[in-house]
Each structure stands twice: as structure tokens, then as C-alpha cells.
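Presented below is the structure to which this report refers.
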Amino acid sequence: GLVVTQLDVQPGECVKVKGKIPSDAKGFSVNVGKDSSTLMLHFNPRFDCHGDVNTVVCNSKEDGMWGEEDRKADFPFQHGDKIEICISFDAAEVKVKVPEVEFEFPNRLGMEKIQYLAVEGDFKVK
Ligand SMILES: CCCO[C@@H]1O[C@H](CO)[C@@H](O[C@@H]2O[C@H](CO)[C@H](O)[C@H](OCc3cn(Cc4ccccc4)nn3)[C@H]2O)[C@H](O)[C@H]1NC(C)=O
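Just so we're aligned: the sequence shown equals residues 1 to 126 in the UniProt record's numbering.
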């Protein structure tokens, strides 16, 4: 999927990804952080994968090691949706704004900028 490097997203700014969820999507992820091994946030809506159904799983990754998963209560996604995902952060937390719902996740690594963004799985970036 899409990989963007050399970003310099500061606290208070947002990075926005627009795309479509295919009708047969099993899951997708949006990763932001320093690079693929050091993620402020792995945002992973799961329609039906890794044993989860209609569950948003969030996590961080530090030097290639996953942190503690955070499963969210809301699942505001449907197959075929065209959505915008806006990610912003400050010293304390990362915010993921999608239609109808804003998810929050702690800025566990205390990152001060987002340099990397990657989209994986069933999400057709527009
Ligand atoms: C119950 C004992 C085992 O626990 C399971 O352990 C799995 C392996 O660590 C957990 O799954 C992993 O959770 C991570 C977040 O904590 C990541 O989501 C791992 O996937 C990374 C990944 C991305 N991709 C690319 C991709 C992404 C989306 C769709 C298709 C490909 N391929 N692998 C995913 O494999 C999975 O979330 C976890 N389940 C629970 C309930 O804890």
C-alpha cells in the first residue's frame, strides 16, 4: 500500500488519508510514526481478520516490538464506504478522526513529529 516518508507533521497539524473500503475488505491498517519499526499508532480496523470481527485494534510499535493492544468500542466502518481519516497528535495522545467518531490513543513513545505514514490491507487510497 501507500508509504510516505520524509513527512514532518507537527503537534496540532493533521495528516488526512482519503480512500474507499472495498466491498470484500477483511481489514486495513494506517500506521504513523518514525518508520515501520517505530510507530506512534497502528490503527487497524478489522472486519474479519486475526480472529476479530468488526473491531478497531490500535497499538504502538517500539523498535519492532508491538505494545499492548487497545480494542475500541466503536466500529463506524462499512464495506464500500468512502472515508477520510484525519490523524493528529500532541504530547499526550494521538487522535484519529473518521466520520462520526474520533478515536484516541496515548502517545506512548512521546513522539514529537510524524515522519512516516503507511496504509496496508484493504483500503484503496484516493
Ligand atoms: C490470543 C493470543 C494471540 O493474540 C493475537 O496475537 C496476534 C499476533 O500478535 C495479534 O495480531 C497482530 O496484531 C498487531 C497489532 O497489535 C498487528 O495488527 C499485526 O498485524 C501486523 C500486520 C500488518 N500487516 C499488513 C496488513 C494489514 C491489514 C490487512 C492486511 C495486511 N500484516 N501484518 C497482527 O498480526 C492479534 O491482534 C492478537 N489477538 C488478541 C485477541 O490479542
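In this text, a Cβ means the ideal position worked out from N, Cα and C, and glycines have one as well.
The model shown is predicted, which means the values in this text are computed figures rather than measured ones.
Practice item. Tell me whether residue 40 sits in a helix, a strand or coil according to DSSP, three-state version. Key: By one-based count along the sequence shown, residue 40 stands at place 40. Residue 40: strand per DSSP, three-state reduction.
Check your understanding: Looking at residue 43 and ligand 1, is the gap between the Cβ and the nearest heavy atom below 7 Å?
Key -> In the sequence shown, the residue the question calls residue 43 occupies position 43. Checking every heavy atom of ligand 1 against the Cβ of residue 43, none is found closer than 7 Å.
Review point. Once you ignore the five residues that flank residue 96 on each side, which residues in its own chain have a CB closer than 6 Å to its CB?
Key: By 1-based counting over the sequence shown, the position of residue 96 is 96. Excluding residues within five positions, the ones whose Cβ falls inside 6 Å are 43, 87, 103.
Exercise for review: Starting from residue 89, trace the beta strand (DSSP E) both ways and give me its first and last residue.
Suggested key: Within the sequence shown, residue 89 is the residue found at index 89, counting from 1. Counting along the chain, the beta strand (DSSP E) containing residue 89 begins and ends at 82–89.
Review point. Nearest CA to the CA of residue 11: which residue from 65, 68, 46, 94?
Key: By 1-based counting over the sequence shown, the position of residue 11 is 11. When the alpha-carbon of residue 11 is set against those of 65, 68, 46, 94, the nearest one is in 94.
Practice item. Kindly list the residues whose CB is nearer than 7 Å to the CB of residue 62, restricted to its own chain and excluding five residues on each side of it in sequence; keep chain order. Key: For this step, residue 62 is matched to residue 62 along the sequence shown. Taking C-beta separations shorter than 7 Å and ignoring five residues to either side along the sequence, the partners of residue 62 in its chain run 38, 109, following chain order.
Check your understanding: Who are the Cβ neighbours of residue 52 in its own chain at under 7 Å, not counting the five residues just before and after it?
Key -> In the sequence shown, residue 52 corresponds to position 52, counting from 1. Short of 7 Å from the beta carbon of residue 52, and not among the five residues preceding or following it, lie these beta carbons of its own chain, in chain order: 46.
Review point. Does the distance from the CB of residue 116 to the CB of residue 7 come in under 8 Å?
Key: In the sequence shown, the residue the question calls residue 116 occupies position 116. In the sequence shown, the residue the question calls residue 7 occupies position 7. Yes, the Cβ-Cβ distance between residue 116 and residue 7 is below 8 Å.
Check your understanding: Who pairs with residue 137 in a beta bridge, going by DSSP?
Key -> Past the edges of the chain, shown from 1 to 126, lies residue 137, and the structure says nothing about it.
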